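Contents: one structure, followed by commentary.
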Amino acid sequence: MSRKAGDNVEYTLRSLSNLMGEKRRRQAEGAAGSGAAAAGERSLIAAESCSSLNSAASGAELERAARRQFQRDETPGFVYVVSVFSALGGFLFGYDTGVVSGALLLLKRELNLDALWQELLVSGTVGAAALSALAGGVLNGLCGRRPCILLASGLFTAGAGVLAAARDKETLLGGRVVVGLGIGVASMTVPVYIAEVAPPHLRGRLVTINTLFITGGQFFASVVDGLFSYLVKDGWRYMLGLSAVPAVIQFFGFLFLPESPRWLIQKGQTQRARRILSQMRGNQAIDEEYDSIKNNIEEEEKEVGAAGPVICRMLTYPPTRRALIVGCGLQMFQQLSGINTVMYYSATILQMSGVEDDRLAIWLAALTAFINFIFTLVGVWLVERMGRRKLTLGSLAGTAVALIILASGFLLSAQVSPRVTLNPPDPSHQNSTCTKYSYCNGCMLDPDCGLCYKLNKSSVVESSCIPVDKHSTTKAAWGRCSNETIFKKEDLFWAYNFCPTPYSWTALLGLILYLVFFAPGMGPMPWTVNSEIYPLWARSTGNACSSGVNWVFNVLVSLTFLHTAEYLTYYGAFFLYAGFAGLGLLFIYGCLPETKGKKLEEIESLFESRLCTCGMSDSDEGRYIEYIRVKGSNYHLSDNDASDVE
Ligand SMILES: O[C@H]1[C@H](O)[C@@H](O)[C@H](O)[C@@H](O)[C@H]1O
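The sequence shown: position 381 = 1661 (our numbering), numbered continuously.
This is the structure:
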C-alpha cells in the first residue's frame, strides 16, 4: 500500500540530507552552482553519481541536475487542456450557484415570487447537489470519471435550457433542480479526475485550478447579474440560460478527451490505460508510474478485500476511515466558517458602509466576488510552495481573525445604533411589529421592517421604523420612503437590513480580510485534499461523502443564517462562525497531514498512524529525505517523507 510495500524500483542515488533540515538543504543547493545546471543528460548524472556519492555538496549538485532534467521532461500541454476542460465543471458550479441572487431580483417582480418560492429556487439547487454528489460516488465507481463529467455537462445544458424558456415558477424549480444535480456530480468528479491525470508535482496546482474556476464562475455570474439587471423584462432568462454555453463546450470537448488511466487500470483495461498515461506524460517514460498504480491496486485488493459495500469497507479499514474523517471534517469546516453567508451578505455589508445606490451595491458585490477569485489564484500559486497543511492552517487562522473583525464591526454598529425618533401612524391600520422598535438595531433584525431617516451631517435624524414593501426591499410599504424617486429627491434614506453608523467600515474591513484569507486556502484546499487522500478503491465514495457533507452544511448554514442573526444578532452569528473556525483550526492542526508532492499511491500511508497526531510530527518538517532515481528511464523527484526509508 505504501511506497515501502509496493516498490520494485532500483534507486542508484539516495540523497539524504536530514542533518540540518530545510536550511541546510537550501545552502547546499546554493553551493551547487551552475556546473551542475549544465549536467542535463541522464548518463552524465549517472556518471556523476558514481564519482561523488560521498560528498554532500556533490549530492546537492546531482540533486539539482536531476531536478533540472526532471523539469525539462515537460508535462505535455495535453494535461493542461484536460484539466481546463474538466474545470469548466467548476465554472458551472460557481456560475449556477452565484447567478441566482441577481436573477431573483428580477424574477420576484415578474413572477410575483414570495419568500418561500425564492428560498425554494435557491435551496432546491443546493439540496439537489447534495443528493447527486452522494449518488455520484456509485456512478463514478461503476461508469468512470469521463461519463460522469459528460452527464454533468448534459444536466447543466438541459437545466439552462429549461430555465431560459420557463413560463412559470414550477418549471423554474424543475430547471434549478436539474442544474443542482449537475453541480453535485461535477463537484465530486472533477477534482478526482484532475488528481488522477496530473503528475504528482503539479497535482495540487491543477486541482486548485478547479476552485479557481468555481470562484471565476461566481465572479462572472455577478457581472452578468449586473449587466442584465438593466434589462428588467426577461433579463433573468439570459442570466440563467447563459450557462448553456460553457456546458455545451465541455460536453463536446469531453467526447474527445480520455478516461482516467487509474480507473481504467482498476477495471483491467490496461492497454488503454497505458496509452492514455503516455499521452499525459509526454517524453517521460511511464513504466514506474504504471507499475506502481497496478501494484497498488493488487495490494489494496489483497489487504482490504473486495466484499461488501465500499463505504463499509472504508469505515472498517482504519486508514480510509481516518482519511474520510479528515476529508469530511475539512468540507464541514469550510462551510461552517460562513463563506456563503459572507458572500451572500456582501451587498448589505457594503450598503452598511455607506453605499446607498442599489445598482452600485450589485457592482460592488461583483467586486467582492472578484476578490474571492483573485485570491484563489494566490492559492494556486502557493499550494505547491507552502503545501496543503500550512496553507490551510494559515488561511483558517486569518479567516477566524477576519470574522472577529467583521463581528466587531456589527457589534460596534449595534451599540451606537440610532434611535427611532418618529412614530407615524400606519395608514392601512394593520398592526405591524415595526412600530415597537425604539432602536434601529431591532428594526434591522426584523425582516419585515426598514428604517426611513434623514442625515444631518453624519448623524441620523427624523428616523422611523416602517414595514418594507412586499415586492421590493428598496422601499417602504407606505409613508415618506415608499416612493423611491420622491424620497431620494427629498434627501431621505431607506435602510433595509442595516443601520447607518460610523463604524460600518469595520465590517467592510472584516469582509475584505475574510476573502483575502479564506480564498487561497480554506476555499480550495478541502477539494484538493479530498481528491488525493483516498486510495483508488475508495476514491469515488470518499469524495462523494465529503462533497455531500460540503453541500449539506452549505444548505444548513445558508438556511439558518437569518434565524441565527435574529436570535444572536448579526455580530452573534459572525462570532459563532469565528468559533467554528477556531475549532476547525484545532482539527486541521491535529489531523491534516501534508500530501504535497506525494504520488496518490503513497498517500494512504499517511493515515496509517493514529488519527490526529499530525501536530506532534510537525517538528519533523525540517527533515528532508529524498530519493532520486537517476538510472533507468524515469526521474521522479520523490517526497520529503521519512516513511520512504527502507
Ligand atoms: O470552495 C468553494 C468556494 O470557496 C466558493 O466560493 C464557495 O461558494 C463554495 O461553497 C466553496 O465550496
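All C-beta atoms, glycine included, are put in the ideal place defined by N, C-alpha and C. Predicted, not measured: the structure shown is a model, and the values here were computed from it.
Residue i vs residue j beta-carbon contact at 9 Å
i     : j     : result
G1659 : G1877 : no
D1505 : S1381 : yes
S1811 : A1475 : yes
T1808 : S1688 : no
S1523 : A1440 : yes
T1495 : T1656 : yes
Q1559 : P1356 : yes
M1519 : V1379 : yes
F1613 : A1413 : no
A1469 : A1432 : It is Thr, not Ala, that sits at residue 1469 in the sequence shown. Yes, they are a contact pair.
I1573 : E1881 : yes
D1726 : E1846 : yes
F1534 : S1744 : no
G1790 : I1684 : yes
L1387 : L1452 : yes
G1759 : P1707 : yes
L1671 : F1854 : no
V1590 : A1818 : yes
Q1498 : N1652 : yes
V1835 : S1509 : no
G1434 : V1442 : no
Q1615 : N1830 : yes
V1700 : S1718 : yes
Nearest-angstrom Cα separation, counted from residue j out to residue i
i     : j     : result
A1694 : S1467 : 39 Å
R1322 : Y1360 : Caution is warranted here: a pLDDT of 35 is assigned to R1322, below 50, making its placement in the model unreliable, and the coordinate value is therefore given only provisionally. Taking the straight line from one Cα to the other gives about 26 Å.
V1663 : L1891 : 24 Å
G1801 : L1507 : 30 Å
P1276 : S1752 : Residue 1276 lies beyond the stretch modelled for the chain, which goes from 1281 to 1926, so this question has no answer here.
S1617 : T1679 : 8 Å
T1377 : I1813 : 27 Å
G1588 : G1369 : 31 Å
Y1857 : F1536 : 44 Å
Q1546 : R1668 : 27 Å
G1730 : V1457 : 33 Å
A1645 : L1772 : 24 Å
N1763 : I1746 : 13 Å
V1364 : S1626 : 29 Å
L1692 : Y1783 : 6 Å
L1511 : C1423 : 43 Å
P1815 : T1600 : 8 Å
Q1530 : L1430 : 8 Å
G1484 : K1750 : 48 Å
A1501 : W1516 : 12 Å
S1899 : F1887 : Confidence at S1899 is low in this model, with a pLDDT of 38, below 50, so its placement is unreliable and the value that follows should be read with caution. If I take the Cα positions, the gap works out to 18 Å.
N1703 : F1493 : 50 Å
L1610 : T1875 : 14 Å
E1901 : G1870 : Bear in mind that a pLDDT of 42 at E1901, under 50, signals an unreliable position, so the number given afterwards is only what the model happens to contain. Whole-angstrom Cα-Cα distance: 14 Å.
V1418 : A1565 : 33 Å
P1705 : A1756 : 14 Å
F1436 : V1487 : 21 Å
I1766 : F1690 : 30 Å
L1793 : A1682 : 5 Å
E1770 : Y1733 : 11 Å
L1482 : E1579 : 26 Å
L1647 : I1619 : 15 Å
A1799 : P1480 : 23 Å
F1371 : M1666 : 25 Å
K1513 : A1383 : 11 Å
T1893 : Y1597 : 18 Å
L1544 : R1602 : 26 Å
(message) Report the start-end ranges of each beta strand (DSSP E) in the region 1451-1502 that is 3 residues or longer and not cut off at the edges.
(response) Complete beta strand (DSSP E) runs here, min 3: none at all.
(message) Contact between the region 1456-1467 and the region 1399-1416 is defined here as three or more beta-carbon pairs at a separation below 8 Å; is this criterion met?
(response) yes
(message) What ranges does the alpha helix (DSSP H) occupy inside the region 1380-1436, keeping only unbroken runs of at least 4 residues that lie completely in it?
(response) 1380-1390 and 1395-1423
(request) Check whether the region 1666-1678 touches the region 1821-1829, counting contact only when three or more Cβ pairs, one atom from each stretch, lie closer than 8 Å. (result) Under the 8 Å Cβ criterion, the region 1666-1678 does not count as touching the region 1821-1829, having fewer than three qualifying pairs.
(message) I'd like to know if the region 1379-1398 and the region 1448-1459 are in contact, where contact means that at least 3 CB-CB pairs between them fall below 8 Å.
(response) yes
(message) My parser needs the beta strand (DSSP E) runs of 3 or more residues fully inside the region 1583-1664; what are they?
(response) none
(message) When you compare the region 1640-1657 with the region 1840-1855, are there three or more beta-carbon pairs, one atom per stretch, that lie closer than 8 Å?
(response) No, they do not touch.
(request) Taking only runs that begin and end inside the region 1720-1775, name each unbroken alpha helix (DSSP H) of 4 or more residues, in chain order. (result) 1720-1725 and 1764-1769
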